[in-house]
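Contents: one structure, followed by commentary.
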Amino acid sequence: MLAFALAGAFALSARALLPLQPGLPGMATQGHSALAALLSELPVASFAAQGNGGPFVAPSWVADIVQEYGDGSLGSGKGTYAYDAAGQRWLIKTCAKNTIFHTAGDKLCMAQLGANLTGRTLLNMNTTVGEGSNSVCKAFPGPYYDMIAIFAAYAQHRGSGRVGGEPCEIWSLGMPSAGFSVSACMGSDGVPRQMNVTTGVAYKAAGSQNYTFSNPRIGPLGDEVFANSEACAHRFPMPPCPSGEEVSLTLYRTHSSREPRTLENRNLGGAMGDMAFFCDIGGIDETQLVTKWAVRANSSWGQYGYCLFANGTNVCYGNTDKHVGRESALGLGEGAVQGQCSANHDVGSWYAFPAEGHCPDGASIGTGGCTWIATPIRTVSAGCILKDRGLAEACSRDRGHAPMTNSTSIFEAALDSADPSKGGCPDAELVDLVLV
-4 MLAFALAGAF ALSARALLPL QPGLPGMATQ GHSALAALLS ELPVASFAAQ GNGGPFVAPS
56 WVADIVQEYG DGSLGSGKGT YAYDAAGQRW LIKTCAKNTI FHTAGDKLCM AQLGANLTGR
116 TLLNMNTTVG EGSNSVCKAF PGPYYDMIAI FAAYAQHRGS GRVGGEPCEI WSLGMPSAGF
176 SVSACMGSDG VPRQMNVTTG VAYKAAGSQN YTFSNPRIGP LGDEVFANSE ACAHRFPMPP
236 CPSGEEVSLT LYRTHSSREP RTLENRNLGG AMGDMAFFCD IGGIDETQLV TKWAVRANSS
296 WGQYGYCLFA NGTNVCYGNT DKHVGRESAL GLGEGAVQGQ CSANHDVGSW YAFPAEGHCP
356 DGASIGTGGC TWIATPIRTV SAGCILKDRG LAEACSRDRG HAPMTNSTSI FEAALDSADP
416 SKGGCPDAEL VDLVLV
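What follows is the structure, given as structure tokens:
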């Protein structure tokens, strides 16, 4: 996984990562999982041809860091980056002010840990989002990946530069066919002063991350620096909400025209929850489609899992067994523990639908432990919603003023009917695909 690029990916709940991600809740943490998947598929041999040895990297250090995302609304994350090559571990800890819901900014903290544990485990790569008792562990299965080590071995020298008045040497590494590249200006002490990462991910928030380093401290780092968070050590995944009952939901998913119409291992949002993406961070492509779904589900919500396309299939990471996962949009808002069991009236909700919880045709919720049933209602063009029905303009007024009720109403009306006099959008043409 991209050590540095990870930080850009945090709870971005995975919906903003890959085309599979249509309703889009992703972004920061999502970048996390998408980047891990990307690097796991990039053969190291492909880098070897690019150079005969990269820059010197100090074996163990910690530095202050400012982290910028591909979308400015996420704010500038400020914190520290710790790296231990011999111990095979790294840790990025940052806090930022997110202005999507409130102009004053909502504090969003992340601690992203990479550690080479035994085997292919969830906790090799994990992100803790939030602080204290309200923090939640977001973990992704896969082997440990040290992007810095790859960079040190294969990057090519590109010239000299200066960052913050300090001289440094510019190095770069990339795989154009995957849309992946990383460049850094390395100090003479072996610590980067700046690093820029492009991931090839379609959505703005996860598409690029930029890092500026200062005040490097070089030397051995103790185990306590890389200790797992309390949330990852003791509360992953979160237990389901108590006293669940069967409820009806109207949810939405943004997707390509070729995506099969199924919710298995996919993320969706309520109308208000999806405004976090339509009104900024997702970078919605107007050529995409939006489908309205009628859902019946057991409301014993589990932890929100990040669902994405990996190795030829849809998978969800970090969910609670068969339970439908749930969180507030971006994990922000007034609800405790990122809104898993809260109403989330202020920012809306996101949902994750594990395939193993899907009830068989004709079965009732609860049969064999199944937790959800879903039926597609209608599909329209994202371009119609954004341009023809004025959502883009409404978003410019609503952004920073949660709850985004005006934008939400426009979005709902566009999918409620095809009647333009009622704010509706016409039905979009769909490609029939067969699931195998």
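Last residue of the sequence shown? That's 431 in this note's numbering, and every number before it is there in order.
Every residue gets a Cβ at the ideal spot worked out from N, C-alpha and C, and that includes glycine.
Within the model, the alpha-carbon separation for residue 145 versus residue 63 is close to 22 Å. In this structure, residue 235 sits near residue 295, with a CB-CB distance shorter than 8 Å. Apart from sequence neighbours up to five positions away, the residues of its chain that approach residue 163 with a beta-carbon distance below 6 Å are 156, 180, 181, 182 and 188, ordered along the chain.
In the DSSP annotation of this structure, the continuous segment of the alpha helix (DSSP H) that includes residue 401 starts and ends at 400 to 411.
Secondary structure of residue 271 (DSSP, three-state): helix.
Rounded to the nearest angstrom, the gap between the Cα atoms of residue 126 and residue 104 is 7 Å.
Looking at the DSSP output, residue 135 shares a beta bridge with 120. The DSSP-derived three-state label of residue 140 is coil. Residue 226: not part of any beta strand (DSSP E); member of the alpha helix (DSSP H) spanning 225 to 229, first to last residue. A Cβ-Cβ distance of about 7 Å is found for the pair residue 284 and residue 375, placing them in contact under the 8 Å criterion.
Collapsing the DSSP output to three states places residue 203 in a strand. Straight through space, the alpha carbons of residue 330 and residue 422 are spaced by roughly 35 Å. Residue burial is scored here from C-beta neighbours: residue 111 has fewer than 16 other C-beta atoms within 10 angstroms and is therefore classed as exposed.
Under a 10 Å Cβ-count criterion, residue 361 is classified as exposed, with fewer than 16 other Cβ atoms of the shown protein chains found around its own Cβ. Residue 165 places its beta carbon 8 Å or farther from that of residue 53.
Distance from the CA of residue 93 to the CA of residue 160, rounded to the nearest whole angstrom, comes to 29 Å. Of the candidates 293, 130, 266 and 83, 130 places its Cα closest to the Cα of residue 326. As summarised for the region 228 to 257, the continuous beta strand (DSSP E) elements at least 3 residues long and confined to that stretch are 241 to 250, given in chain order.
Taking the Cβ atoms as the reference, residue 323 lies roughly 5 Å from residue 342, within the contact range of under 8 Å. Secondary structure note for residue 389: its alpha helix (DSSP H) is the uninterrupted segment 386 to 393. Considering only 167, 205 and 210, the residue with the shortest C-alpha distance to residue 184 is 210. Here residue 149 carries a helix assignment [DSSP, helix/strand/coil]. Counting other Cβ atoms within 10 Å of its Cβ, residue 98 stays below 16 and is therefore classed as exposed. Distances from the CA of residue 282 to each of 307, 205, 425 and 152 were compared; the closest alpha carbon is that of 425.
In the three-state reduction of the DSSP assignment, residue 359 falls in the coil class. Between the alpha carbons of residue 249 and residue 397 lies a gap of roughly 22 Å. Proximity of the region 250 to 264 to the region 342 to 351 meets the contact definition, three or more beta-carbon pairs being nearer than 8 Å. Spanning the alpha carbons of residue 365 and residue 303 requires a straight line of approximately 21 Å.
Boundaries of the beta strand (DSSP E) around residue 348: 344 to 348. Residue 318 and residue 153 have their alpha carbons spaced roughly 50 Å apart. Contact between residue 56 and residue 186 is confirmed by a C-beta separation of about 5 Å, below the 8 Å threshold. Linking residue 389 to residue 401 through their CA atoms gives a straight-line distance of about 7 Å. Collapsing the DSSP output to three states places residue 302 in a strand.
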